[in-house]
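Below: the structure, in structure tokens.
Protein chains in written order, with our numbering: chain A, 5 to 716; chain B, 26 to 317.
And the structure:
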């Protein structure tokens, strides 16, 4: 069975890209071979920081022969009525070098045409492979690229060798100043000389002998096994961060896991700080006790050095970690220092935010904090939280301090700790623990799959913060467009929606957006500077958020027509929208609801051009007309009461009492009579009834289940 | 191995590899990259190979001599080779052996490290070279300098001399390093750190520095208009250092910061463009192989 291998030898490729390159390379190989009609049994790609490898097993010795069809003239021109070939057919056959009898006829929607079928003999693989190799190298999608030396090509890092073999033969091609061959290189530190590979079969063995594990998945497994082994010996627990593992496996060619320790005194630092130092900066795995507390130990994955040298390597790593932790400790102490008597660190930092720009043209973070304080209190007010209650006190204090950690040394060093340091420093300076929690929670959710705020104060501040981000971007004209959403505004809108749903809170989105915009415009310099150029409206922001809501509800399997029926009422409260939709979805299949939709739609369709809503009781004539009016008045009063309770199951139970009188009315009373006054009065009555039916949702937008016919 | 032997050995090694061994520049710089022997020489088609020590000032990194790892002035060993040779990683690893770092004994990693110098309009791709967890070298293939695409591509290798010494001498504290066998780094540098930190953070005359910045900028522009890129670049460097001092002193807000960086970058760009033109007019003298 024939095999082909291409190994692109490089200087160290950044680990985060390697998995993607290998996926990309595999797909490209499949595509290229298929486009060229080259059969194969299996394609695999593997790689390390220093090499990207494609291996094709069972590659066919040549391209498949294929028939190529060339379209000729139409049959009516090509043949006469007796089926004898005419000049166009003869000429067509000649140009394409086929015999007349080999011409075939095929039907298309434009009629019958003649075709020449030409056999194209497949080329030998050997002729094609050099081109394939170049194509494969050039087709890798690079997130960043560079040149080197005198190179004219670009790649992720310099390419230093090319091994390309078809069984035992070199696939010879040139790239830049490099010529492909059968030479590869082993592990950089353990076996650095060139290696000659005689046959594809020998490649794997050669790599193994020269300390290179070419398969990333095997390296990953190997690291995991070594970690478990060490942990078992040390009685700890590792929560293996998948992301770190994937990164580390692509930093080495021959993984070896070592365990090191650090001084217990650093365990006084917040666990998030220790984890950030170890994971983000040093690529170490932290080790936890069975009760979840951190142990003063770490795991480092090195590139396969011999055992006799590992002791000093561990010592080196311990020394570096100590310096890092010492820095973190220094930041931690610095951040807590009181520089002005009576002013707590986070309060001092709040003033420092006057020097930190929030967004171009939109003032400082200090200004944002001021807005968040007002905005979050307004949301609380909308939620009927009384203004002298504890939550309001907590909320106000949290809002004031929520961005103070941005100017701490710790967050400057570890930006991912924003919110977490805010919480820690708040506790340390003696804030209420609810304030600390609220500060932390106001950033949640930070990414998809992250936790949501649990407290009401954290939820409110989080909503305010996210809304303010959205509004500010809209003011600056940074509105997400297609796949472009650099400020992750869609994610923020989704965050707002999910928080509202989880907390089951009602408030008017309009009012809050309105306030938020006005808080920006209250800054006169800003309003003048922006010259209202990018005019922003409440509806724009609301539509943006509701679009996300619609998307989310569709994802949760709510019917699109029910969603649209409710949204058509332009409601203000997201939680209320959800309640309406759930109610309707629940009764959607009942015959009562079908009757309600039918009756409502009849009334609505007939009266849709009516603008007059005034009903003159004195000109109601027929008995059915009177009873419809009476039932309407009764239902209307009931619905008004029910709507204040926002109980939509009950609303539809009440609305259905109208169905019968509506139907009787349509059966017995002619609406479009000649008498204009009478006609208009009846239309007004129907219009009022339709409006009443549509109190919760615009029922005309709901598609009826199959088999039912909508009356009119 | 003491610090001065580390420097001697690196100089000897890179000299054998064909590098000119030059000296630090006589104006304050933030990194060896800013020395005209790098910033200007990487421009244009002429080959260039050099190595030199550069005392590099980072006023904001001052810790009054209290921190065992951070100093407001450290020493870099800078190597620049244009075009970058094919086996440069190997050449680099061999240089470590000259100072007692043998590769089978250490975990030496090339970790992604993209480099950018916003005040110089320069960037490149490469690695931080990490030895047993410690970053000891920045290794960069320059792609642009002064906003100009570079051809051929130079490679820059910047060793942190103190970092190397801490590995080689197995010390945890920078001030305990031996410069020669009798005198420590602390004995030479500690008082400098104390005083300069006090100056950088507390006593620097902000008003004077602001007016110096304007004067230096004006002079740089003046010299650019007279088509003298080399003196103009001197004043660009002075602007850059003055800005760093103001920044450390906390005198520049975050908004202003971006604007100041842009002003320095603009000067650096113009110097670079002028310099390239000047070399062209001189007929690229180094293309004749003076440097090999």
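Note that CB positions come from ideal geometry on N, CA and C, so glycine has one too.
According to DSSP, simplified to helix, strand and coil, what is residue 42 of chain B? Looking at residue 42 of chain B - three-state DSSP - the assignment turns out to be coil, as it is neither helix nor strand.
Identify, in the order they occur along the chain, each residue of the same chain with its Cβ nearer than 8 Å to the Cβ of residue 23 of chain A, setting aside the five sequence neighbours on each side. 220, 250, 254
Please determine, among A:515, A:204, A:46, A:153, the residue with the shortest C-alpha to C-alpha distance to residue 471 of chain A. Nearest of A:515, A:204, A:46, A:153 to residue 471 of chain A, Cα basis: A:515.
Have a look at the DSSP bridge pairing and note the partners of residue 103 of chain B. DSSP lists B:77, B:183 as partners of residue 103 of chain B.
Test: residue 151 of chain A CB closer than 9 Å to a CB of chain B: yes
How is residue 676 of chain A classed by DSSP in three states: helix, strand or coil? coil
Buried or exposed: residue 232 of chain A, going by 16 or more other Cβ atoms within 10 Å of its Cβ? Classification of residue 232 of chain A: exposed, given that the 10 Å Cβ count is below 16.
Selection of the region 241-255 of chain A by Cβ proximity to chain B, strictly under 9 Å: 255
Helix, strand or coil, according to DSSP, for residue 272 of chain B in the structure here? Three-state result, residue 272 of chain B: helix.
Taking buried to mean at least 16 other C-beta atoms within 10 Å of its own C-beta, is residue 593 of chain A buried or exposed? With fewer than 16 Cβ atoms within 10 Å of its Cβ, residue 593 of chain A is classed as exposed.
Give the residues from the region 152-175 of chain B that approach chain A closer than 8 Å (Cβ to any Cβ), ordered along the chain. 152, 156, 157, 158, 159, 166, 168
Residues of chain A with a CB under 8 Å from the CB of residue 129 of chain B: which are they? 193, 194, 309, 310, 313
Please specify which runs of the beta strand (DSSP E), each continuous and at least 3 residues long, are wholly inside the region 98-149 of chain A, giving them in chain order. 108-112, 115-124
Helix or strand or just coil, what does DSSP make of residue 446 of chain A? coil
Cβ closer than 8 Å: which chain B residues qualify as neighbours of residue 326 of chain A? 197
Beta-carbon contacts of residue 665 of chain A that lie in its chain and below 6 Å, excluding the five residues immediately before and after: Cβ-Cβ distances below 6 Å link residue 665 of chain A to 631, 632, 635 in the same chain, with the five nearest sequence neighbours on each side left out; the list follows chain order.
Restricting to Cα atoms, I'd like to know which of B:199, B:269, B:180, B:205 is closest to residue 96 of chain B. B:199
If you draw a straight line from the C-alpha of residue 156 of chain B to the C-alpha of residue 258 of chain A, how long is it? Whole-angstrom Cα-Cα distance: 16 Å.
Exposed unless 16 or more other CB atoms sit within 10 angstroms - verdict on residue 175 of chain A: buried
Determine, using beta-carbon pairs with one atom in the region 164-174 of chain A and one in the region 169-180 of chain B, whether at least three such pairs fall under 8 Å. no
Closer than 9 Å, CB to CB, is residue 371 of chain A near chain B or not? With its beta carbon at least 9 Å from every one in chain B, residue 371 of chain A lies outside the interface.
Just how far apart, CA to CA, sit residue 29 of chain B and residue 209 of chain B? For residue 29 of chain B and residue 209 of chain B, the gap between their C-alpha atoms comes out near 11 Å.
Can a CB atom of chain A be found closer than 9 Å to the CB of residue 120 of chain B? no
Validate contact between the region 354-364 of chain A and the region 440-453 of chain A using beta carbons, cut 8 Å, 3 pairs: no
Which of the three DSSP states is assigned to residue 71 of chain A in this structure? Strand, per DSSP.
Just grab the DSSP bridge partners of residue 209 of chain B for me. B:203
On a CA-only basis, which of A:690, A:476, A:678, A:440 is nearest residue 492 of chain A? Give me that one, please. A:476
Taking 9 Å as the CB-CB cut-off, is residue 135 of chain B touching chain A? yes
Give a yes or no on whether the minimum CB-CB distance between residue 154 of chain A and chain C is below 9 Å. Protein chains in the displayed structure are A and B, and chain C is not among them.
Beta-carbon of residue 409 of chain A versus every beta-carbon of chain B: anything under 9 Å? no
Name the residue from B:80, B:251, B:213, B:70 whose alpha carbon lies nearest to the alpha carbon of residue 154 of chain A. B:70
Quick check: is the beta carbon of residue 182 of chain B nearer than 9 Å to any beta carbon in chain A? no
Please decide whether residue 112 of chain B counts as near chain A, where near means a Cβ-Cβ distance under 9 Å. Yes, contact with chain A.
Compare the C-beta of residue 316 of chain B with all C-beta atoms of chain A and state if any pair is closer than 9 Å. Residue confidence is low: residue 316 of chain B scores 46 on pLDDT, short of 50, so the model does not pin down where it sits. No coordinate-derived value is stated.
Go to residue 165 of chain B, then tell me how far its beta strand (DSSP E) extends in each direction, as first and last residue. 159-170
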